[in-house]
Structures are given as C-alpha cells and as structure tokens.
Amino acid sequence: MSSSARERILQAAEELFAESGFDATPTSRIAERADVPKGLVHYYFRRKGDLLAALVQRLPDGNVDARRVVVVGDIGESLRRLVAALDARLEASPLLSHLLWREADTHKAVRDALHERYESVVRQIRNVILAAGGAAVTAKDVDSASALLGLAVSYRHSVARHAPGDDRMDLELSFVAAALEKP
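Residue 66 is where the sequence shown starts when you use the numbering used here, and the numbers rise one by one after that.
Okay, here's the thing in structure tokens:
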C-alpha cells in the first residue's frame, strides 16, 4: 500500500488516542479505523509507541516570524499578536494538541516535545519583548517576564483552552507589558 495507508493509520491513531488514550487503544482498533490489515500498522510502526512518536512530529511548527508581530514601542500589542499567532498554530490541530497534553505525563517523547515547545515559546517571547521595547527594558526583567508568560501560554494551551470565554491572557499580557515599560 502507498503512503496514504500510512497517513490513514496516523489519522486513526490520533483520533483513537485522543478519544480513549494511548494505553487503552489496541493496534487492532487503529487498523480497523484506518481500514488496513493489522500487519500493515506494524509494518509502518514497529511498536505502538512509534505511532505516538510519529504523531509528536506532526505537531505544528510553533515558530512565529517576529517581524510580523512586533510593534516597536508597544510591548503589550506585540505580545498580544505573538500569542494570537501561537494560538492559531495550535488550533490548527486541536485533536493532536489534546492528545499530546494528555499523554505528556506517561510518555517521555511527548513530554520532551512539549518541553521543547515551551522553550521555543519563551525564546520567542523574549525576542518580541526586546524588539518591541528596545533598550528601555533590562535583560533580567525580560528573562523573568519571558519565562512567566511562557508558562501562562503553555497553561492556556494545555488547560484553559477547555474553558472558552475565560480568557485572562490579555490581562496578564497587559500587566507584564506595563511592568516592563516602567522606567
């Protein structure tokens, strides 16, 4: 079979892992959902854990071009634009996002991928603050603010996304921006 069979297997695994969890989903159900023989699942993915690792690789790229979000002299607006861009990337695959956050506690590959994503978000926040605030902000404060907002964004993507309408992120961004912009 062609790569379309592999893609159907990955899609079925993503759906079933999100519905029932990794451990509760047998490869036979994945094969059934993908409409392929069970042996083909193991042909493409030697172990069920390899399926999960392949799904981790499908997580959308979280890198945002800072030039598209930075408003020089306005840290708050720059951070709002960055968070909106990060949210849009994650919302492109809500099922995969849900699955990965659920499995992070029990699967090292998932946990490592999410930690790398967190580190990337912190770096991007730092770069946006420096580009928007320039010399008016101190490196020590920027590092603290970046780590704090990185945690807030990660929390939002893992838990708060389940509570639509409860969006305090704008208040947090405004608070941090005001703190950084004070002389």
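The beta carbon of each residue, even a glycine, is placed where N, CA and C say it ideally should be.
Original post:
Excluding sequence positions up to five away, which residues of its chain have a Cβ less than 6 Å from the Cβ of H180?
Top reply: Nothing meets the Cβ criterion.
Subject >> Residue span of the alpha helix (DSSP H) that contains A210, given as start and end >> reply: Note, A210: alpha helix (DSSP H), A204 to S223.
**OP:** Return the residue from the list D177, E142 and L81 that minimises the CA-CA distance to R94.
**Re:** Nearest of D177, E142 and L81 to R94, Cα basis: L81.
Original post:
Could you give the residue range of the alpha helix (DSSP H) that holds R111?
Top reply: Careful: R111 lies outside any alpha helix (DSSP H) and carries neither H nor E.
**OP:** Report all residues from its chain with a CB closer than 8 Å to the CB of V202; omit the five preceding and five following residues, and keep chain order.
**Re:** Short of 8 Å from the beta carbon of V202, and not among the five residues preceding or following it, lie these beta carbons of its own chain, in chain order: I140, I194, L195, L245 and E246.
Subject >> Within 8 Å, strictly: CB atoms of V136 and E142 >> reply: In this structure, V136 places its C-beta atom within 8 Å of the C-beta atom of E142.
**OP:** Flag this pair as yes or no: are the beta carbons of L116 and L164 separated by less than 8 Å?
**Re:** No, the Cβ-Cβ distance between L116 and L164 is not below 8 Å.
**OP:** Quick one: grab the DSSP three-state call for T92.
**Re:** If DSSP states are grouped into helix, strand and coil, T92 belongs with the helices.
Subject >> Own chain residues within Cβ distance below 6 Å of W166, not counting five before or after >> reply: Once the five neighbours on either side are set aside, the close Cβ partners of W166 are S223.
**OP:** For A157, name the three-state secondary structure that DSSP assigns.
**Re:** Coil, per DSSP.
Subject >> Nearest-angstrom Cα separation, counted from G114 out to I74 >> reply: Using only the alpha carbons, I get a separation of about 13 Å.
Original post:
Within the 8 Å Cβ cut-off, does V134 reach chain D?
Top reply: No chain D appears in the structure shown, which is made up of a single protein chain.
**OP:** Output yes or no for whether 8 Å exceeds the beta carbon distance between L318 and A118.
**Re:** With the chain covering 66 to 248 only, the question about residue 318 has no answer from this structure.
Original post:
DSSP three-state call for D152: helix, strand or coil?
Top reply: Helix.
Original post:
Using a Cβ-Cβ cut-off of 8 Å (strictly less than) and excluding sequence neighbours within five positions of S239, which residues of its own chain qualify?
Top reply: Here the set comprises G141.
Subject >> Residue of Y183, P102, A169 and K205 minimising C-alpha distance to L214 >> reply: When the alpha-carbon of L214 is set against those of Y183, P102, A169 and K205, the nearest one is in Y183.
Subject >> For A77 and R98, the rounded distance between their alpha carbons >> reply: Their Cα atoms are separated by approximately 6 Å.
**OP:** Output the distance between the C-alpha atoms of Q189 and E79, rounded to the nearest integer angstrom.
**Re:** Cα-Cα distance, rounded: 28 Å.
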